[in-house]
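Going by the working numbering, the sequence shown opens with residue 1, and the numbers climb by one from there. Each residue gets a CB set at the ideal place from its N, CA and C atoms; glycine is no exception.
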Amino acid sequence: MVDPRRDQVLTTKVGLHIPTGLAFEEWERAGHQLSGLLNSSSWWLGDWLVYGKDHYADRYERGICAAGLQYQTLRNYAWVSRRFELERRRPALSFQHHAELASLRVDEQDAWLDRAERMKWSTKQLRNAIRAEREGTSKQTDAAVATSRLAVPDNRLQWWHRAATQAGTDLGEWVMATLDAAADQLLKEVDPQPPLV
1 MVDPRRDQVL TTKVGLHIPT GLAFEEWERA GHQLSGLLNS SSWWLGDWLV YGKDHYADRY
61 ERGICAAGLQ YQTLRNYAWV SRRFELERRR PALSFQHHAE LASLRVDEQD AWLDRAERMK
121 WSTKQLRNAI RAEREGTSKQ TDAAVATSRL AVPDNRLQWW HRAATQAGTD LGEWVMATLD
181 AAADQLLKEV DPQPPLV
């Protein structure tokens, strides 16, 4: 009888057993599952700690030692878990997204969660948007931010980098200037009237 697990990625306490010749799709699926477990485990540990503090105050520290994690790490997990009841947590966003917002008022948290989910922001993009708003430099609309993500084949990206370097500018500035010039030329051909200033 053939072992059905021989073609599966298996977890152990010290690593992963990855079978030889694993298909890309299976490898990709394993990464997605591992990422989900990592994100979920932060919530699980936070909820576990909150429950322990609420129900076993006298033995709470013994439980922390049993988990084998650093006190500050667990404390952070618990703090974020307390700040977001189960019903308010967004499965599409990571624990870290929520951690970025934990110090805010509930209504602000929900507004930022809505935006981050709608815009598919990474944690870093969320952090930058919050910082920009606090500094009063948030001039981008949600629509402008949404267009800042574009899937580009790697070979084309390298080609554009070379062109930007030749032009003596960084890639972002080069892309903006190139697209502005192309739009300007096309719009002049379609509608030769000068724009109203």
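First and last residue of the uninterrupted beta strand (DSSP E) at residue i
| i | result |
| --- | --- |
| T165 | Careful: T165 lies outside any beta strand (DSSP E), inside the alpha helix (DSSP H) at 154 to 167. |
| T12 | 10 to 12 |
Beta-bridge partners of residue i, as assigned by DSSP
| i | result |
| --- | --- |
| D101 | The displayed chain sequence assigns Leu, not Asp, to residue 101. DSSP lists no partner for L101. |
| G15 | T12 |
Whole-angstrom C-beta distance between residue j and residue i, which should lie under 8 Å
| i | j | result |
| --- | --- | --- |
| V50 | S94 | Between S94 and V50 the Cβ distance is about 19 Å, and since that is not below 8 Å, they are no contact. |
| A198 | W160 | The structure shown has nothing for residue 198, since the chain only spans 1 to 197. |
| L113 | R131 | Not quite, the Cβ-Cβ distance comes to about 17 Å (not below 8 Å), so this is no contact. |
| E100 | L126 | 5 Å |
| G46 | Y77 | 4 Å |
| L171 | A182 | The pair is not a contact, with the Cβ atoms about 16 Å apart (cut-off 8 Å). |
| W121 | A129 | 7 Å |
Extent of the continuous alpha helix (DSSP H) to which residue i belongs
| i | result |
| --- | --- |
| G31 | 24 to 55 |
| S94 | Where S94 is concerned, there is no enclosing alpha helix (DSSP H), given that its DSSP letter is neither H nor E. |
| G21 | Segment: none, G21 is in no alpha helix (DSSP H) and carries neither H nor E. |
| Q109 | 106 to 119 |
| L69 | Element bounds for L69: n/a, residue is neither H nor E. |
| L126 | 123 to 135 |
| E85 | Note, E85: premise wrong, no alpha helix (DSSP H); not H, not E. |
| A199 | Residue 199 is absent from the model: the chain starts at 1 and stops at 197. |
8 Å Cβ shell around residue i - same chain, five flanking residues per side excluded
| i | result |
| --- | --- |
| E117 | R90, A92, L93 |
Own chain partners of residue i with C-beta closer than 7 Å, once the 5 adjacent residues on each side are dropped
| i | result |
| --- | --- |
| G63 | G52, Y56 |
| I18 | V9 |
Neighbourhood of residue i by C-beta distance below 6 Å, restricted to the same chain and skipping five residues each side
| i | result |
| --- | --- |
| Y60 | G52, K53 |
| H98 | V80, F84 |
| Q96 | T123 |
- So, do the segment 24 to 35 and the segment 63 to 72 have three or more beta carbon pairs nearer to each other than 8 Å? no
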